[in-house]
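Chains as they are written, first to last, in UniProt numbering: chain L, 1 to 313; chain P, 1 to 313.
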């Protein structure tokens with residue numbers, strides 16, 4: 001059977017938990033870092049190439065179909081992340097729904113209560129937060145990509161999160177970029193109208209036009225395949241017209257509040273290492289034999305930072 | 001309720017058949033072309049701004065859930081398109097399946113018959129075709145975007161199809177780009193191993209690394225929401241492990257072979273007009289009040305060329 005490419009997610013490959021582009025094994029000999037495929041590079045990784053996210057930064061969204069694991073980014077949106085932690089501890093989202101799925105764009109979840117109707121109480125969480133669209137570049141370890149894109153002065157990664165920055169003319173601002181799997185906080189017209197109760201996750205072509213127009217708070221590490229297949233809503237903006245079409249959320253908890261034996265062990269490839277640079281290069285110029293013309297380029301949102309189940313032992 | 005943006009597909013808006021980004025109506029006054037929103041521009045369009053695709057270039061894929069409408073691009077892959085027409089006339093795909101869905105990448109359909117087992121007969125279609133990865137730029141009306149991307153010397157549109165070209169140093173080559181909804185012909189290791197029987201459609205972040213590595217043959221005009229929600233296959237590359245998970249294809253026909261009263265009337269916004277330039281500008285710099293920081297940029301694959309049901313009368 002013919003395939004569009006050797007863009008593989010091997011069923012036997014524990015290292016490729018997410019749909020990492022290019023988990024295919026190349027037949028080419030590994031003569032130098034630059035000629036190894038992504039999978040060969042990951043196979044050669046050491047424990048120090050991986051980091052284990054802080055359980056206080058992980059959200060588990062449990063659906064009937066399985067668990068979505070989200071990593072929060074307090075370095076980018078500290079007030080929103082603190083509020084989301086409070087909301088999760090209070091069980092805010094338990095029993096609420098995913099109430100919107102717009103094709104090639106986002107899914108959204110939270111409290112769909114209509115205007116004028118009292119919403120679900122938010123307990124000790126704050127109703128009002130400042131906008132956190134970007135932050136000072138100072139104090140962030142930004143690992144730049146070799147390629148530019150048209151959306152920002154520079155693109156790269158901060159602790160595994162796709163990010164962009166503008167340090168021209170002393171601007172000195174950095175922000176989380178809208179890529180597949182990015183988690184953001186829905187807002188109304190006022191920039192400071194988000195409080196983390198209504199959250200969206202990008203399921204379509206990277207909507208980078210949203211960057212610096214809304215507060216981004218994290219990214220999905222595992223379980224995108226549970227969200228990306230939700231039927232598209234037929235109402236405006238992909239909202240479901242019939243409440244029965246909404247997908248129930250059993251519960252959303254912080255991993256740190258979950259008993260150890262119920263946690264989902266995950267590790268994320270570090271993005272500040274020579275190995276990561278080699279992985280990026282292996283995506284910029286595909287080395288497996290299928291490709292006849294390596295692109296010599298990659299966009300920020302084409303890079304899926306590898307996530308794995310930690311090896312046994 | 002809070003929204004990630006005014007990225008609207010109005011239920012009452014016949015002009016927005018596809019999930020066009022930015023069908024929201026702006027509250028801003030229309031003082032000049034450059035300040036109008038996408039929707040205001042479309043509302044002001046004239047019949048001459050739209051084209052009706054040739055029925056000989058339209059494929060109807062009928063699924064249990066509805067119809068997917070695909071426009072073929074004979075200008076880019078004449079031999080593949082001719083073969084696909086022959087295959088459709090012979091009913092080749094009728095009763096076959098969508099047998100692969102890889103998250104954030106592609107769905108694929110055709111004859112999943114395994115290696116070594118005789119496949120479904122292809123009738124008078126050709127088993128062997130040349131690779132048609134790109135073509136000469138000469139003779140194509142390429143309408144360039146104002147923005148560059150890192151994937152090609154120039155990005156733009158040809159008759160509504162996202163395209164890229166390299167005319168530097170006399171290269172003079174143009175190709176259909178891999179964006180959301182692009183249709184391509186799966187191949188094996190040999191560049192000339194595709195014949196159009198196995199086709200894939202992009203459902204994830206634009207995999208531009210495939211450009212000029214495989215033959216692209218068209219794009220989906222309507223019905224992406226039927227394909228993008230197919231459960232992801234859990235086998236390698238998103239192939240379904242259980243044949244029962246495959247989605248049956250009732251039939252694929254050329255619109256020109258379908259009785260007029262069973263056709264799906266569609267028009268596509270022309271991409272070689274001042275109106276289209278204004279639409280692009282309205283996407284580069286969002287004018288509705290929700291945005292506090294227009295991007296001043298857009299990538300090729302962020303532009304969904306509007307498709308509509310022709311207005312009555």
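Just so it is clear, CB atoms sit at the ideal spot from N, CA and C, and this is done for glycine as well.
Since the structure is predicted, the reported quantities are computational estimates derived from the model, not experimental observations.
Could you work out which residue in the options is closest to residue i when comparing CA atoms only?
| i | options | result |
| --- | --- | --- |
| residue 366 of chain P | P:50, P:68, P:47 | This structure does not reach residue 366 of chain P, given that chain P is present from 1 up to 313, and the question cannot be answered. |
| residue 105 of chain L | P:146, P:189, P:302, P:310 | P:302 |
| residue 231 of chain L | L:205, L:108, L:127, L:161 | L:108 |
| residue 265 of chain P | P:309, P:155, P:139, P:35 | P:309 |
| residue 252 of chain L | L:174, L:290, L:93, L:286 | L:93 |
| residue 221 of chain P | P:305, P:193, P:149, P:256 | P:305 |
| residue 202 of chain L | L:210, L:96, L:157 | L:210 |
| residue 129 of chain L | L:55, L:258, L:192, L:290 | L:192 |
| residue 320 of chain L | L:188, L:59, L:97, L:96 | There is simply no residue 320 of chain L to check, as chain L begins at 1 and stops at 313 in what is shown. |
| residue 158 of chain L | L:36, L:37, L:177 | L:177 |
| residue 298 of chain L | L:288, L:292, L:291, L:282 | L:282 |
| residue 134 of chain L | P:307, P:300, P:292, P:96 | P:292 |
| residue 76 of chain L | L:280, L:228, L:44, L:174 | L:174 |
| residue 179 of chain L | L:125, L:206, L:126 | L:206 |
| residue 141 of chain P | P:296, P:278, P:279, P:272 | P:272 |
| residue 97 of chain P | P:195, P:39, P:200 | P:200 |
| residue 267 of chain L | L:46, L:244, L:227 | L:46 |
Do we get a CB-CB distance below 9 Å when we pair residue i with the residues of chain L?
| i | result |
| --- | --- |
| residue 253 of chain P | no |
| residue 104 of chain P | yes |
| residue 95 of chain P | no |
| residue 150 of chain P | yes |
| residue 60 of chain P | no |
| residue 83 of chain P | no |
Along the chain, where does the alpha helix (DSSP H) that runs through residue i open and close?
| i | result |
| --- | --- |
| residue 39 of chain L | 38–43 |
| residue 84 of chain P | 78–89 |
| residue 59 of chain P | Note, residue 59 of chain P: premise wrong, no alpha helix (DSSP H); beta strand (DSSP E) at 58–63. |
| residue 72 of chain L | Note, residue 72 of chain L: premise wrong, no alpha helix (DSSP H); beta strand (DSSP E) at 66–72. |
| residue 227 of chain P | 224–227 |
Between which two residues does the beta strand (DSSP E) containing residue i stretch?
| i | result |
| --- | --- |
| residue 101 of chain L | 97–102 |
| residue 166 of chain L | 161–166 |
| residue 276 of chain P | No beta strand (DSSP E) holds residue 276 of chain P; the alpha helix (DSSP H) holding it covers 274–284. |
| residue 173 of chain L | 173–176 |
| residue 155 of chain L | 154–158 |
| residue 253 of chain P | 251–254 |
| residue 239 of chain L | That residue, residue 239 of chain L, is in no beta strand (DSSP E); it is neither H nor E in DSSP. |
| residue 200 of chain P | 199–202 |
| residue 182 of chain L | 182–185 |
Once the 5 residues before and after residue i are set aside, which same chain residues still bring their CB inside 8 Å of it?
| i | result |
| --- | --- |
| residue 82 of chain P | 74 |
| residue 323 of chain P | Summary: the structure shown does not reach residue 323 of chain P, with chain P confined to residues 1 through 313, and so no result is reported for it. |
| residue 78 of chain P | 132 |
| residue 85 of chain L | 56, 72, 254 |
With a threshold of 9 Å between beta carbons, is residue i in contact with chain P?
| i | result |
| --- | --- |
| residue 57 of chain L | no |
| residue 189 of chain L | yes |
| residue 37 of chain L | no |
| residue 302 of chain L | yes |
| residue 299 of chain L | yes |
| residue 309 of chain L | no |
| residue 305 of chain L | no |
Grab me the residues of residue i's own chain with a C-beta within less than 6 Å of its C-beta, minus the 5 sequence neighbours each way, in chain order.
| i | result |
| --- | --- |
| residue 154 of chain L | 144, 165 |
| residue 263 of chain L | 255 |
| residue 181 of chain P | 219, 220, 224 |
| residue 294 of chain P | 285, 286 |
| residue 204 of chain L | 104, 105 |
Can you give me the Cβ contacts of residue i inside the same chain, cut-off strictly under 7 Å, excluding the 5 residues immediately before and after it?
| i | result |
| --- | --- |
| residue 119 of chain L | 111, 113 |
| residue 270 of chain P | 49, 50, 51, 276 |
| residue 138 of chain P | 172 |
| residue 122 of chain P | 87, 92, 197 |
- Query: In chain order, what residues of the stretch 229–243 of chain P put their CB closer than 9 Å to some CB of chain L?
  - Reply: 229, 230, 231, 232, 234, 235, 236, 237, 238, 239, 241
- Message: What are the residues in the stretch 121–148 of chain L lying within 9 Å of chain P by C-beta distance?
- Response: 131, 133, 147, 148
- Positions along the stretch 275–297 of chain L whose CB lies within less than 7 Å of some CB in chain P: 286, 289, 290, 291, 292, 293, 295, 297
- Contacting positions in the stretch 205–231 of chain P - beta carbon closer than 8 Å to chain L: 205, 206, 207, 208, 209, 210, 211, 212, 213, 214, 224, 225, 228, 229, 230, 231
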